[in-house]
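Taking the working numbering, the leading residue of the sequence shown gets 24, the next gets one more, and so forth.
One structure is given below, encoded as structure tokens.
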Amino acid sequence: MASSSTLLAHSCIHHVFPSFHGEDVRKNFLSHIVKEFKSKGIDLFIDNNIERSKSIGPELIEAIRGSRIAIVFLFKNYASSTWCLNELVERRVWKNRGGDAKMETCFDGSGSSRRKTEAKMIEYIATDVSNKLNLSAPCSDFQSLVGMESQMSEMEPLLQLYSDEVRKIGILGPPGIGKTTIARSLFNRHSQDFQLSVFIDNIKRNYATPVCSDDYSVKLYLQKQFMAQLTNEKDIKIPHLGVSKDRLKDMKVLAILDDVDRSVQLEAMANKTCWFGPGSRIIITTQDEKVLKSSGINHIYKVHLPPDDEAFQIQVEYDVYL
């Protein structure tokens with residue numbers, strides 16, 4: 024079995040730090056992992072030239088702290104190795120000091136059918152790690168946008184990102200004023216701080232449902248779309264509306280619901296704050312304040328037109344672009 028967690032080191036020297044018992048995996052399983060990771064452009068730290076002892080040295084500690092993701096391969100002899108256990112201790116100490124984004128995934132590689140599924144499992148692990156690296160990569164897409172920093176500053180009191188309170192926040196404004204851009208900027212800045220995150224864009228257009236559909240069927244459909252994107256499970260089964268609460272009540276979630284125009288959409292995807300774990304943030308962009316009020320959302324950021332100096336700068340940049 025392998026478990027992975029993303030490490031947000033200030034200066035990353037490797038993408039991945041693997042912890043394993045050499046006799047278990049080095050000559051077979053690990054070689055396939057290295058090959059698959061290399062094919063996806065993932066840099067894996069390998070300790071072939073480090074002399075083993077009971078305690079781990081400075082070089083290994085630096086590798087643990089300087090890797091963006093730590094993966095533990097748990098095979099039968101792992102727990103008998105003092106070296107491996109010390110790596111786990113160092114990883115936990117680093118995590119508790121705030122060096123970890125606390126995103127974790129487990130892959131079951133045990134059982135009699137392991138050899139038949141090993142190739143698929145390795146491919147799945149490599150894909151999952153690649154996705155985590157992409158999600159945790161620093162983003163500067165919106166930093167150069169005129170006025171974005173002031174918008175972010177004005178939203179801080181509503182977000183209260185350091186609070187364990189679960190908050191639903193509305194971003195309100197007319198079409199074209201920049202609601203979605205603000206929401207994307209928030210998502211790119213903060214998604215790595217949550218266990219699960221999703222940006223569901225243009226719900227009004229992309230998740231339209233037939234008018235003749237009954238209310239319950241609409242909610243089941245919408246909750247399925249929400250959970251499928253949030254958990255990356257395309258074929259997820261949603262037999263009833265209690266699934267979201269059961270799956271997410273202990274998870275710190277960031278969900279951006281963009282261009283909501285009907286209350287039923289919020290009722291299906293984020294009806295109550297108790298559906299989500301401590302520290303979760305649900306952000307809704309909409310043109311209709313009634314949708315927010317009907318869902319009991321009182322934390323609302325009304326997007327305003329830019330001041331004259333920013334508007335002039337935007338116009339200048341637009342003219343240059345043309």
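Note that the Cβ used here is the ideal one computed from N, Cα and C, for glycine as well.
- At a Cβ-Cβ threshold of 8 Å, Ile194 and Ile56 do not count as neighbours.
- Look at the region 32 to 101 and you find these whole runs of beta strand (DSSP E), each 3 residues long or longer: 37 to 42, 90 to 96.
- Straight-line spacing of the CA atoms in Val152 and Ile92 works out to 8 Å.
- In the three-state DSSP reduction, Arg304 falls in the strand class (E or B).
- Within the same chain, and ignoring the five residues on either side of Lys227 in sequence, the residues whose Cβ sits closer than 6 Å to its Cβ are Asp282, Asp284.
- Look at His263 here: in three-state DSSP terms it is coil, with no helix or strand label.
- Annotation for Lys191: the continuous beta strand (DSSP E) segment containing it runs 190 to 195.
- In its chain, beyond the 5 residues on either side, Phe68, Ala86, Ile87, Ser90, Ala93 have a beta carbon closer than 6 Å to the beta carbon of Phe40.
- Counting only the Cα atoms, Ile200 lies some 16 Å from Asp224.
- When secondary structure is reduced to three states using DSSP, Lys295 falls in the coil class, being assigned neither helix nor strand.
- Under DSSP, Phe217 shares a beta bridge with no residue.
- Per DSSP, Tyr324 is one residue of the beta strand (DSSP E) stretching across 322 to 325.
- Under the three-pair Cβ rule at 8 Å, the region 305 to 315 does not count as touching the region 251 to 266.
- Assigned with DSSP and collapsed to three states, Ala149 falls in helix.
- For Ala231, the three-state secondary structure derived from DSSP is coil.
- Bounds of the alpha helix (DSSP H) holding Val241 are 238 to 254.
- Per the C-alpha coordinates, the member of Phe222, Leu83, Asn211, Glu177 positioned closest to Tyr324 is Glu177.
- For Ile279, the three-state secondary structure derived from DSSP is strand.
- Taking 8 Å as the upper bound for CB-CB distance, His44 and Tyr101 are in contact here, some 5 Å apart.
- Val221 has its alpha-carbon roughly 19 Å from the corresponding atom of Met175.
- Here Glu290 has Lys242 as same chain residues with Cβ atoms under 7 Å from its own Cβ, once five neighbours each way along the sequence are excluded.
- Of the other Cβ atoms in all chains shown, fewer than 16 fall within 10 Å of the Cβ of Glu172; this residue is therefore exposed.
- Taking the Cα positions, Glu82 is about 25 Å away from Ala149.
- Sixteen is the threshold: since fewer than 16 other Cβ atoms of the shown chains lie within 10 Å of the Cβ of Asn157, the residue is exposed.
- Beta bridge pairing from DSSP links Thr309 with Leu195.
- Leu271 places its beta carbon 8 Å or farther from that of Gln246.
- In terms of Cβ geometry, Leu219 and Met292 do not form a close pair [threshold 8 Å].
- Spatial neighbours of Val287 in its own chain (CB-CB distance under 6 Å, excluding positions within 5 residues in sequence) are listed in chain order as Val241.
- The three-state secondary structure of Ile223, taken from DSSP, is strand.
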